[in-house]
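A short write-up of the structure that comes next.
2 protein chains.
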Amino acid sequence: MTPQTEPLLTMGVDLGGTSLRVAAYTPEDGILDSVALPTRLEAGPHAVVEDMCSAVRELHERYSDGRTLAGIGVGSPGPLELPAGRLHHPPNLPGWDGFHLLAEMEKRLDGPIAIESDANAAALAEFALGLGRLLCVDSLCMLTLGTGVGNGIILDGRLWHGAAGMGGEAGHVTIFPQGPLCGCGNTGCLEACASATALMNAAERLIASGKAPGLAALKRDGVSLTALDLAEAARHGDKAAQAIYADTGRSLGIGLAGLINIFNLPLYVIGGGVANSWDLLSPAMFEELERRSYVYSLTAPGRAAAGGMPGGGTRVMPAKLGAEAGLLGACILPLHLPNHKLAGGVAKA
Amino acid sequence: MTPQTEPLLTMGVDLGGTSLRVAAYTPEDGILDSVALPTRLEAGPHAVVEDMCSAVRELHERYSDGRTLAGIGVGSPGPLELPAGRLHHPPNLPGWDGFHLLAEMEKRLDGPIAIESDANAAALAEFALGLGRLLCVDSLCMLTLGTGVGNGIILDGRLWHGAAGMGGEAGHVTIFPQGPLCGCGNTGCLEACASATALMNAAERLIASGKAPGLAALKRDGVSLTALDLAEAARHGDKAAQAIYADTGRSLGIGLAGLINIFNLPLYVIGGGVANSWDLLSPAMFEELERRSYVYSLTAPGRAAAGGMPGGGTRVMPAKLGAEAGLLGACILPLHLPNHKLAGGVAKA
């Protein structure tokens, strides 16, 4: 007879530059409940951590009855030094340079806290609950094309952190050495060429040069252009919008070709809002993969060396979990990271 | 009382496009003896394998007395599919496409055979016997700048193979999307920008354009230029030669910046003949690292996040073992790869 154990509960926090979300999660039922709050950047990091921890405490109180807390998972904007849990000049959290996020949370909450970059949390979710699970792969690399380009790498079932926790920054691999300026200070990063921000900047440049009359008209109607507007225009035949998406796909393809040559993984997942325009992006992306990665051309599904690969060859696919990936990943972090003892907690006033 | 055991012996084979070397090795005494043979490409792969295996048998006979064979290690030009041990369009072994190198060797030799790409073998040697050992790191990435650009990646003490054995091809990461044509069919690969071949091609282009009178004079003396000539000219003040080395360092820096952002390893080793001109290469390389990798700028020795890193931060250094790395790596392969049973052998006529 095995001892009867209470079902597990985790708390997940998805900290973003404009809002933060907190959820209560169980492996059996998924997300039980979640709350969203604005990230009060103007009030400073301590106030934001206070908001986060209050929300965790409230939700935990509501759902802890009859459940054992496995831990609290946090997905944070990077760069995040690990295992210290300290931020270094995070572009989306101005004023947080050097902030010890993990230590400040541990002061306020009782119970094991697992912290990762938001991109790592999303990659973990896609690995454990999304495409990785569907294809039964042991490794994957995920790129999240949103405001920036996030990256999470899972090798042999474990998040790759690197020596100071700063691995998985493929968003800042140089694609065009003389390309557009990136927030990190470099020029031509993948983030400066294939994020939603990069798409909109490209549209603005084209409009200003007079080469995109259709997009200029859209903008004249008072609507501030979004990546979604641009996608719609492209699907309705706007050549400039189509060219912008093709360029984005090409940049993404150049970056991915490098990652495939370096890693030879069975799965590369493209997430974030821009990936919703897979139809517009992916033809140019696959062209670049065939041209620039002989590892891809030998291992794509059905090719010479794809036979022995899990998942059936090198697959490049749009993410499955959508906008929930980051929060879900934060929720399951405590279940996947090693050395997290099970313990009651969260209370600590 | 522990049972008395015989000292271990390994045989190493370094297969190259122009010559092949075979060595007998013991962990206590290193390389006991080695032989070099021409690689008879015109005679076809079976004849070359015959030559290799005969040399292994001969050397083994000479040194097997009182020693136990741990295995035979082979470093082969890539791309090499693993664990199959099959070659795919290897640019340096024309006519070997689809050749089952491992199976053909197993037919001819008795005893466990461990096969790796030559770049992986060199990285393993540098890890176990060179810089990796000196700095006590658990992971490294090595780039070998020779005729091509080889790459070997060791993560948490193990060679990274990827799903079909084709990981570690950072030599074919795109540096300049519109750059020079590479042997792999892509344009602007690291190999097309930072190999010895790329250096010489750059010199030829400058000479042809009339912009390198000093180098043109060197060539007029009937001496066919080598990377070494070019380095000497640069050290004697030739501006064109200096610019070529600076460009090479810049390309290398762009590629390395990407690898540092992706992996955040404690050690990156630059080997191969071109690395002998570290004084000419490295200033431009380090400039690019500071500019293009915020992971580097946060984790270089002495910086904010370098404290917890093994080896004292992100180190980029010239290789220690020189031209012997490939052969040494082949020799120690049988001692480092898992699942290699110890067994007598080699005989098989």
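Line by line, the protein sequences give chains F and Y.
Under the working numbering, the residue at position 289 of the first sequence is numbered 289, and the numbers go up by one with no gaps.
Converting from the second sequence to the working numbering requires adding 349 to each position, the first position being numbered 1.
Think of the CB as a built atom: it goes at the ideal place given N, C-alpha and C, for glycine as much as any other residue.
Asked, Found
"is_contact[Ala494/Y, chain F] using C-beta, thresh 8 Å", "Just to set this straight, residue 494/Y is Leu in the shown sequence, not Ala. So no, Leu494/Y is outside the interface."
"Whole-angstrom distance between Gly427/Y and Ser466/Y, CA atom to CA atom", "6 Å"
"Cross-chain neighbours of Asn610/Y in chain F, by beta carbon under 7 Å", "Glu169, Ala170, His172, Val173"
"Chain Y residues whose Cβ lies nearer than 9 Å to that of Asn264/F", "Trp509, His510, Gly511, Ala512, Ala513, Gly514, Met515, Gly516, Gly517, Glu518"
"Of the residues Glu430/Y, Thr417/Y, Val362/Y, Tyr374/Y, the one placed nearest Leu397/Y, counting alpha carbons only", "Per the sequence presented here, residue 397/Y reads as Val, with Leu not at that position. The shortest C-alpha separation from Val397/Y is found at Val362/Y."
"Short CB-CB distance (under 8 Å) between Ile603/Y and chain F", "yes"
"Contact set between Phe476/Y and chain F, taken where Cβ atoms lie within less than 9 Å", "Simply none; closest approach about 15 Å."
"Asn441/Y in three-state terms, based on DSSP", "coil"
"Own chain residues within Cβ distance below 6 Å of Ala202/F, not counting five before or after", "Ile244"
"Minimum Cβ-Cβ distance from Leu124/F to chain Y less than 8 Å", "no"
"Cβ neighbours of Gln591/Y in the same chain (closer than 8 Å, five flanking residues each side left out)", "Ala583, Leu629"
"Chain-ordered chain Y contacts of Asn186/F [CB-CB under 9 Å]", "Ala606, Arg640, Arg641, Ser642, Tyr643"
"Thr597/Y, DSSP secondary structure in three states", "helix"
"Alpha-carbon spacing of Ile421/Y relative to Ala547/Y, whole angstroms", "34 Å"
"Cβ pair Gly152/F, Leu159/F closer than 8 Å", "yes"
"Chain Y within 8 Å of His100/F, Cβ atoms only", "no"
"Under 9 Å (Cβ pairs) to chain F, residues found in the region 417 to 430 of chain Y", "Pro428, Glu430"
"C-beta contact flag for Ile524/Y and Ser600/Y at 8 Å", "yes"
"Limits of the unbroken beta strand (DSSP E) element including Thr702/Y", "This structure leaves residue 702/Y out entirely; chain Y is present only between 350 and 698."
"Contact between the region 472 to 492 of chain Y and the region 214 to 233 of chain F (3+ Cβ pairs under 8 Å)", "no"
"Nearest to Leu143/F (by Cα), restricted to the options Ser195/F, Gly165/F, Pro180/F", "Ser195/F"
"Host alpha helix (DSSP H) of Met52/F (start-end)", "45 to 63"
"Straight-line gap, Leu109/F to Leu256/F (C-alpha atoms, nearest Å)", "40 Å"
"Selection from Arg21/F, Pro334/F, Leu265/F that minimises the alpha carbon distance to Gly516/Y", "Leu265/F"
"Whether Leu564/Y touches Leu577/Y by CB criterion (8 Å)", "no"
"Status (buried if at least 16 other CB within 10 Å, exposed otherwise) for Leu181/F", "exposed"
"Extent of the continuous beta strand (DSSP E) to which Ala114/F belongs", "113 to 117"
"Reduced DSSP secondary structure (H/G/I, E/B, other) of Ile31/F", "strand"
"Beta carbon of Val486/Y nearer than 8 Å to that of Leu677/Y", "no"
"Thr359/Y burial status per 10 Å Cβ neighbour count (16 or more: buried)", "buried"
"Distance between Ser368/Y and Gly16/F (C-alpha atoms, nearest Å)", "57 Å"
"The region 294 to 310 of chain F touching the region 27 to 42 of chain F, judged by at least three CB pairs closer than 8 Å", "no"
"Extent of the continuous alpha helix (DSSP H) run through Thr10/F", "Taken as a continuous stretch (DSSP letters only), Thr10/F belongs to no alpha helix (DSSP H), being part of the beta strand (DSSP E) at 8 to 15."
"Cβ neighbours of Ala589/Y in the same chain (closer than 6 Å, five flanking residues each side left out)", "Leu555, Ala561, Leu564"
"Entirely enclosed beta strand (DSSP E) segments - the region 145 to 218 of chain F, minimum 3 residues", "149 to 155"
"Any non-hydrogen atom of the ligand MG within 7 Å of Ser76/F CB", "Judged by which ligands are present, the structure shown has none, so any question about the ligand MG falls away."
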